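What follows is a short report on a single structure.
Numbering (my numbering), first residue to last: -10 to 58.
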């Protein structure tokens, strides 16, 4: 399967038991690739997120931030 559409279509054709197995797999820590987390950590350590964090803090101090639901 090479596209999201194909993956979604395949998921729609799973039996309830297969969907449960897929859900368990996707929510297990072993199943997920942590490359996103590693990249975010690397970017944070390199200072690549500093400007974004500073802007978010400034916005919050100026009352531009909305409460998280």
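Here a beta-carbon is modelled for each residue, glycine too, at the ideal position from N, C-alpha and C.
All of these numbers come straight from a predicted model, not from anything done at the bench.
- C-alpha of residue 37 to C-alpha of residue 28: approximately 11 Å in a straight line.
- Inclusion of residue -4 and residue 11 in the CB contact set at 8 Å is not warranted, their separation being larger than that value.
- Inter-residue distance for residue 25 and residue 51 is about 31 Å (C-alpha atoms, whole angstroms).
- In the DSSP annotation of this structure, residue 38 is not part of any alpha helix (DSSP H), being labelled neither H nor E.
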